[in-house]
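Read in order, the letters of the sequence shown correspond to residues 3 to 413 in this note's numbering.
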Amino acid sequence: MERKLNLGVIGLGGRAASLLGVFRRVHSGLRVAAVADPDRDGARHRLRSAEVPDRDTAFFPDADQMLRHAGDLDALMIGTRCNIHTPIAVNAAPTGLPLYLEKPVAISHEQIVALRDAYRGREKSVVVSFPLRVTPLFRKVMELVESGRLGVVNQVQAVNYVPYGGVYYARETYRDFDVTGGMWLQKATHDFDYLNALLGTPTAVSAVMNRVAYGGDMPHDLRCSACDLADTCLESPQGVARRGDDGGVGTSDHLCVFGDGIKLQDAGAALLAYEDGSHASYTQNFLSRRSAASRGATVTGYEATLSFDWYKGTVTVIDHHRDRVDSFNVRATSGHLGGDEALARNFVDVCLGRDESRTDLASGLLSAAMCLAARESAHTQRWTPVGDVYLETFPNRVAPIQPTPLHVEPA
C-alpha cells in the first residue's frame, strides 16, 4: 500500500481539481484532507467531477482557518486567483510543508521579494506549475541539446500561438488585469521558463505588445445574451455554432470580447538577452485558431538546428555538416501535453522526500521577473534588465517608469 499523503488545498477551481485527479492517479495514497475555498459547494462539486474522494475532507472558508490545522497535513497546494498566490504562500511558509504553487508565482516586484524572503533556502520544496518544462517532448529536446548534437547554441526562436485565445477576453477572471497581471504573466511565464532551461540566465528584455482585435467600445459588462449584434458577431454563441470552433470563448453565453474595459494585449513579442551572449526571440498571439496553432521553438547551434512543436508532437534535427535529418514523434495524451503527470509525480516525490522540485520556486521567481521586465520594456521602449531576484536591491530601478501612450496592460 502506498504511503498516505494528506494534502491541504487552498483555492479549488477547475485547474486545481483537474490536477488533483492526476495526483490521485499517480499516488493512490494521496488524500485531499482539507480545502479552503469560500465556495464550499462548488469546491465539493469540482472534486467529485474529478473523481477525487471528499467524504473525509474538512472544508474551511479561508486559508487562515485551514492553516491553523497545518499539523494534520503533509503538503499544501495553492490554486487561487493569480493576485493572491503570493500572500497566501507567504502566510503558509511557516508551516514548512512542501508546496505546489500555481503560476504565476507573483504578479509584481513587491510580491517577488516577499515570496523570495519567505522561502529563502528551501526553494526546492516548492513545485511551481510549469508543465512545459517537464513534458516528454521537451525532455527529448533537452536530451538532444545536452548530448552536444547541436554544438554551441547561439539563438532560439520561440512561438506561442494557442488556438483558444478568446478565453482571455470572454471570461471574467481571465480578462481582469488586476487579478492576472496581464498576458506576459499568464502565458509567457511558461515559455520563458523553458527558454531559461535551454539558454541559462537571462539578463535583459526588449519587448513590444499591442491590442488590435479584442477590446473596443462595447460596454464592459455586456453579455452576448443582451447584445443586439449577437446574431452576426463571430465571437457570440451563434457565431461559434456557425463556424464549429469556439476559439476559447466557449459555446455558452459570455462577456463581450470587445468590451471597453479590456486591458490585455492580444499580441506581444520579446527579445531576450542571456548571460553567455546567446539570445532568444519570443512571440505570442491570441488570434490564432484551428490548425494555425503552434507552440514551440527553433534552436540553432553550430552543428545542427532543432525545431519542436507541442501541438504537432514533433522534434526535428537537421545537421549542418552532413546530409542527415532525424525526426521524432513524441505525443502525450494527458493534461498539458503530458506535463501535468510529470509535475504530479515530482510533487509526490518531493512530499515523500525522494526528490527535489524540478520546477522550483527560484525558476518561478525568475520567470515572473522576466515577464515584468517585458511589460515594462513595452511601455518604455527600451531594454529592461531582468535583475537578480536574490539581490537585496532587486529590482534595482533607479528611476520611475515613464508613462507612454500605450493603453495596454499598465506598467
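For each residue, glycine too, the CB sits at the ideal point set by N, CA and C.
Note that the coordinates shown come from a computational prediction; the quantities given were computed from them, not determined experimentally.
The way I'd put it, the segment 8-21 does touch the segment 67-83; three or more beta-carbon pairs between them come closer than 8 Å. Closest option to Cys258, judged by alpha-carbon separation, among Leu289, Leu274, Gln159, Cys226: Cys226.
When the Cα atoms are used, Val210 and Arg245 turn out to be separated by approximately 32 Å. Below 8 Å, enough C-beta pairs join the segment 264-273 and the segment 167-181 to call them touching: three or more. Buried is the label assigned to Arg347, since at least 16 other Cβ atoms lie within 10 Å of its Cβ. In the three-state reduction of the DSSP assignment, Asn198 falls in the helix class, which pools H, G and I.
In the structure shown, Asp223 adopts coil according to DSSP, grouped into three states.
Out of Gly15, Ser131, Val143, Asp328, the CA that lies nearest to the CA of Gly298 is found in Val143.
Residue state for Gln188 is assigned as helix, using DSSP reduced to three classes. Contact between Val130 and Phe349 is ruled out by a C-beta separation of about 10 Å, above the 8 Å threshold. Residue state for Leu78 is assigned as strand, using DSSP reduced to three classes.
Counting of Cβ neighbours within 10 angstroms places Glu343 among the buried residues, the total reaching 16 or more.
In the DSSP assignment, Arg33 is bridged to Asn8. Partner residues in the beta bridge of Ile320, as assigned by DSSP, are Thr307, Val327. Glu145 counts as exposed, since fewer than 16 other beta carbons sit within 10 angstroms of its beta carbon. Here His323 is exposed: its Cβ has fewer than 16 other Cβ atoms, across all protein chains shown, within 10 Å. Counting only residues of its own chain and dropping the five nearest sequence neighbours on each side, Leu368 has a CB closer than 7 Å to the CB of Asn198, Val391.
Non-local beta-carbon contacts of Asp311 in its own chain, meaning distances under 8 Å to residues more than five positions away in sequence, involve Ser296, Arg297, Gly298 in chain order. Under a 10 Å Cβ-count criterion, Tyr304 is classified as exposed, with fewer than 16 other Cβ atoms of the shown protein chains found around its own Cβ. For Gln286, the enclosing beta strand (DSSP E) starts and ends at 281-287. Collapsing the DSSP output to three states places Ser149 in coil.
If you compare the alpha carbons of Ala228, Pro138, Val37, Asp43 with that of His71, the shortest gap goes to Val37. In its chain, beyond the 5 residues on either side, Pro40 have a beta carbon closer than 7 Å to the beta carbon of Pro63.
Burial check for Leu236: the Cβ neighbour count within 10 Å stays below 16, so the residue is exposed. Boundaries of the alpha helix (DSSP H) harbouring Tyr176: 174-177, taken from the DSSP string. For Arg124, the three-state secondary structure derived from DSSP is coil. Take the alpha-carbon of Val319 and the one of Gln67: they are about 53 Å apart.
Under the three-pair Cβ rule at 8 Å, the segment 362-376 counts as touching the segment 181-195. Inter-residue distance for Arg326 and Phe194 is about 30 Å (C-alpha atoms, whole angstroms). The secondary-structure analysis by DSSP pairs Gln159 across a beta bridge with Ser283, Thr300. When rounded, the separation of the alpha-carbon atoms in Ala375 and Gly81 is 25 Å. With respect to the 8 Å criterion, Val332 and Pro138 are classified as neighbours on the basis of their beta carbons. CA-CA distance, Ala65 to Pro89, rounds to 10 Å. In the DSSP assignment, Val207 falls outside any alpha helix (DSSP H) and lies within the beta strand (DSSP E) extending over 204-212. In the three-state reduction of the DSSP assignment, Gly73 falls in the helix class, which pools H, G and I. Distances from the CA of Val155 to each of Leu339, Glu394, Arg384, Tyr276 were compared; the closest alpha carbon is that of Tyr276.
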